[in-house]
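When the letters of the sequence shown are read in order and numbered with our numbering, they come out as residues 154 to 338. The structure appears right after this line, and notes come after that.
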Amino acid sequence: MLNENEQRLPPQASCALTTVQLSRGWINRRDRDRLRFQCHMDIAMNLRIELSQNPTEEQRQAILKPLRAYNGSKAEGNVPEHIALLVRDDNDEILGGLHGRFFYQWLYIDLLVVPEQARGQGMGSKLMQMAEDLARERRCVGLWLDTFEFQAPEFYKKCGYSEIGHIADYPPGHKHFFFQKRLSY
154 MLNENEQRLP PQASCALTTV QLSRGWINRR DRDRLRFQCH MDIAMNLRIE
204 LSQNPTEEQR QAILKPLRAY NGSKAEGNVP EHIALLVRDD NDEILGGLHG
254 RFFYQWLYID LLVVPEQARG QGMGSKLMQM AEDLARERRC VGLWLDTFEF
304 QAPEFYKKCG YSEIGHIADY PPGHKHFFFQ KRLSY
């Protein structure tokens, strides 16, 4: 039974009622909940999910844009700045290097490749030290990276990185490690 402040909503009620109207009890709880459900249904019925097997950069950016806007409202520094340290040969061909991005006062190293002929000669350590120096110049909290167990987890430990987690069986039969190195000033 409705009290004097309640109104029965018609089945086709729209989402036009304001939060004030809902919170002041101008409608009863059952109709309010039905209205909320109807609002969600109205919104969901105008959306569809589509699989893109080979998404374009434009599609990726369209997904990323609202995420960056939301993240930017919560934390500063949400626009990544990419860097690369390039290893070139005498012909100016790029044979390896380090690629990363500054983001939220951290440097994420997403690629490190030492040319095979230079492995074991300190080039990897030099690249990592140069990246750390760049992070210090920008007053980063630290650096982080991920690597597979068949790549270089022991190398990163020697560079002062500590494991912060791993995923087993990624790829199957192997581990995928996550490392960080916090900087002190």
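From the three backbone atoms N, C-alpha and C, an ideal C-beta is built for every residue, glycine too.
Inclusion of residue 320 and residue 333 in the CB contact set at 8 Å is not warranted, their separation being larger than that value. Along the segment 269 to 302, the beta strand (DSSP E) occurs as fully enclosed runs of 3 or more residues at 295 to 301, listed in sequence order.
Here residue 250 really is in contact with residue 237; their C-beta atoms are around 6 Å apart, less than 8 Å.
Rounded to the nearest angstrom, the gap between the Cα atoms of residue 246 and residue 266 is 14 Å. Inclusion of residue 296 and residue 264 in the CB contact set at 8 Å is not warranted, their separation being larger than that value. For the pair residue 218 and residue 231, the Cα-to-Cα distance works out to about 11 Å. In summary, residue 204 is exposed, with fewer than 16 beta-carbon neighbours lying within 10 Å of its beta-carbon over all protein chains present. The Cβ atoms of residue 330 and residue 306 lie closer than 8 Å to each other.
The distance from the Cβ of residue 289 to that of residue 336 is about 6 Å, consistent with a contact at the 8 Å cut-off. The Cβ atoms of residue 254 and residue 233 lie closer than 8 Å to each other.
For residue 335, the enclosing beta strand (DSSP E) covers residues 328 to 335. Within the segment 194 to 239, complete beta strand (DSSP E) segments of at least 3 residues are not found at all. Between the alpha carbons of residue 241 and residue 301 lies a distance of about 25 Å. Within 10 angstroms of the beta-carbon of residue 281 lie 16 or more other beta-carbons, which makes it buried.
Distances from the alpha-carbon of residue 304 to those of 209, 323, 200 and 256 put 323 closest. DSSP, reduced to helix, strand and coil, places residue 261 within a strand of the structure shown. The beta-carbon distance between residue 258 and residue 293, rounded to whole angstroms, is 5 Å. This is short enough to meet the 8 Å contact definition. DSSP places residue 307 in the uninterrupted alpha helix (DSSP H) bounded by 306 to 311.
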